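Undergrad:
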DNA sequence: GTTCTGAGATCTGCATCAATTATAATGCAA
DNA sequence: TTGCATTATAATTGATGCAGATCTCAGAAC
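Chains as they are written, first to last, in this note's numbering: chain U, 167 to 390; chain W, 167 to 390.
#1: Could you name the residues of chain U that residue 263 of chain W contacts, counting a contact when the two beta carbons are closer than 7 Å?
#2: Quick one, which residues of the region 269-296 of chain U are near chain W if we go by CB-CB under 9 Å, in chain order?
#3: Going straight from the alpha carbon of residue 353 of chain W to that of residue 250 of chain W, what length do you get?
#4: For residue 252 of chain U and residue 379 of chain U, I'd like the C-alpha separation in whole angstroms.
#5: Closer than 8 Å by beta-carbon distance: list the chain W residues that pair up with residue 253 of chain U, in chain order.
#6: Within its chain, find whatever has a CB closer than 6 Å to the CB of residue 267 of chain W; leave out the 5 residues flanking it on each side and keep chain order.
#7: Assuming residue 179 of chain U is part of the beta strand (DSSP E), what are its boundary residues?
#8: Got a sec: is the Cβ-Cβ distance from residue 382 of chain W to anything in chain U below 8 Å?
#9: Below 6 Å CB to CB, which residues in the same chain sit around residue 200 of chain U once its five sequence neighbours on both sides are set aside?
#10: Name the DSSP bridge partner or partners of residue 241 of chain U?
#11: What number of angstroms, rounded off, separates the C-alpha of residue 273 of chain U from the C-alpha of residue 282 of chain U?
#12: At a Cβ threshold of 8 Å, is residue 182 of chain W touching chain U?
#13: Using the C-alpha atoms, what's the distance from residue 316 of chain W back to residue 255 of chain U?
#14: Does residue 371 of chain U get closer than 8 Å to chain W when you measure Cβ to Cβ?
#15: Considering only C-alpha positions, which residue in the set W/302, W/277 and W/275 is nearest to residue 288 of chain W?
#16: Would the beta-carbon of residue 259 of chain W fall within 8 Å of that of residue 311 of chain W?
#17: At a Cβ threshold of 8 Å, is residue 200 of chain U touching chain W?
#18: How should residue 211 of chain W be labelled, buried or exposed, when 16 other C-beta atoms within 10 angstroms of its C-beta is the threshold for buried?
#19: Who are the Cβ neighbours of residue 262 of chain U in its own chain at under 6 Å, not counting the five residues just before and after it?
#20: Can the beta-carbon of residue 314 of chain U be found closer than 8 Å to that of residue 357 of chain U?
#21: Can you find a C-beta in chain U that's less than 8 Å from the C-beta of residue 256 of chain W?
#22: Work out the CA separation of residue 309 of chain U and residue 346 of chain U for me, nearest whole Å.
#23: Against chain W, does residue 188 of chain U count as a neighbour if the rule is that its beta carbon must be under 8 Å from one of theirs?
#24: What residue range is occupied by the uninterrupted alpha helix (DSSP H) comprising residue 354 of chain W?
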C-alpha cells in the first residue's frame, strides 16, 4: 500500500512486534493450544530473546484477547466458551452489516463485478467439492465488502475479532439447504450492492452471518 | 491468613494494570494532551514504580489505541484526524445498532420503562438548559440499550471505542432542529423496543448516531 | 542560509537480583 | 493407604545496572 509514512511506519523496529506476530501464528496454527500455559523461560529460549520484549508481547496479546493473564501464574492461551463465540459472531455480523452499509456509498462497479466473479467461482468450487477453495472464495467476498467500506477502523476491529475465532483451517460442514440459502443470499447481496441499497444490505448481511453461527460454533470446538 | 487489601480498591494484582488505569485517566481528563510525548523516567518517578511495569502499560495503551509508539522515540498520546473520528462514529453507530437489535430479544418491560423515564428526564433537562444532565441522561439511555443486549464482547468494544473519542466533558452544541429530531427518534426507539422490532430499531439507531456526527466531531476538536 | 557534526538525552533490549507466590514434594498422623 | 500440614523447589513479578542504537539540537563549517 502506502509506505510513504515519513519516519515511523512499517519497518520492524520493535522486537516485541516480531514476537507478537510469531506467537499469534503459533496460536492460530494450533501449535499453542487453548488453555496451554505460557512458559516465559521456554519461549525466551525458543525465540532467542530476553524477557523484556517477550513480556511486552504477552501483554499485547492479552490486550488483544488471545492470551489471558493469570496473576502470579503467568499466562495461557485464551479459550472461548460457546456463549462467548456466539457473542462474537453477533458482533461480527454487526460489523459486516456496517461494512455493507458503508460500502454502498463508494463501491465501484468494478468491485461489484469482482465480487460477482468470486461468487460464481465459489459456486463452482462447492459443486466440485473443493472445500478449501470454497472457503477461501467465500472469505474473499466478505473481505471485498469490508474493503469497500473504506473504513480502516472497522476493518481493524473486524480482523482482530475474526482472528480470534478462526484458528487453523476447518472443513466447513454445511447442509445442502444451508448452502443453497447462502448462495441465494449472496446473489441478493450483489443485487443490493448494484442498487446501492445500504440499509437493506445491512439487514441481509446480519441475517446472513447469523445463519452461519452453528457452522462456525461447531467447527471451533470450544471447551471452557 | 489475615490479608488486608492495601486500600486501593479491588485486588490489583498487576502493577501495570494500576498504571494503565492511571494513565487512561490522565489522558481522558486532558492532563496529558493529544500528541504529548510520554517520558519514561518522568512517569516512573511520578508513579513511584520501575520501568518494567510502565513499559508494559505503555504497550497496552498503544494496543488499545490511546497511545502511539514512536520507534526509538518513545510514545505519545494518540491524536485523531477528522476522518478517523468519522470512521469511529460509523463503527459506533454499527455497534449500537447491533446492541439495539439484540436488546429486542431479551429486554424486559421494566428496562424499557427505565429508558422511558430517562428520556422524559432528558427532555426536562434540555428545556431547563441543564446540558450536563442532558448529556448524562442521553448517555444513560444508550448504555441501557447496550446493557440489554446481554453481550459483554459487544459492550467491551463499544466502551473501548467510545472511550477514545470521549475525552473530558464537552458542552453539547445542538440546534433546536437537531434536538427535536433526536427526541422524536428516541420516542420512536421506545416504540420499537416495546414492539421488540430489532430489525427496524437497528436501522433507526444507526441513523440516530450518524445524525450526531457533526456534534461529536465538532466537540472533539482534532488536529492531525 | 544551509549542511554537517558531535555531545547529550532517550529509548530498546539484555542480564541479573530480590521478593512474592504458586506448585511439588515430603513427612506425619489417622 | 489416605488426608493434611509443612517444607522445598520453581516460577512469576518487579527493580535496576549496563550496552548499543537512535534521535535531538546546538554549534561549527561551508
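Cβ coordinates follow ideal geometry from the N, Cα and C atoms, glycine included. These numbers come from a predicted model, not from an experiment.
TA: Quick answer:
#1: 260
#2: none
#3: 30 Å
#4: 7 Å
#5: 317, 318, 319 and 320
#6: 364 and 368
#7: Where residue 179 of chain U is concerned, there is no enclosing beta strand (DSSP E), given that its DSSP letter is neither H nor E.
#8: no
#9: 243 and 245
#10: U/204 and U/235
#11: 13 Å
#12: yes
#13: 14 Å
#14: no
#15: W/302
#16: no
#17: no
#18: exposed
#19: 371 and 375
#20: no
#21: yes
#22: 21 Å
#23: no
#24: 342-360
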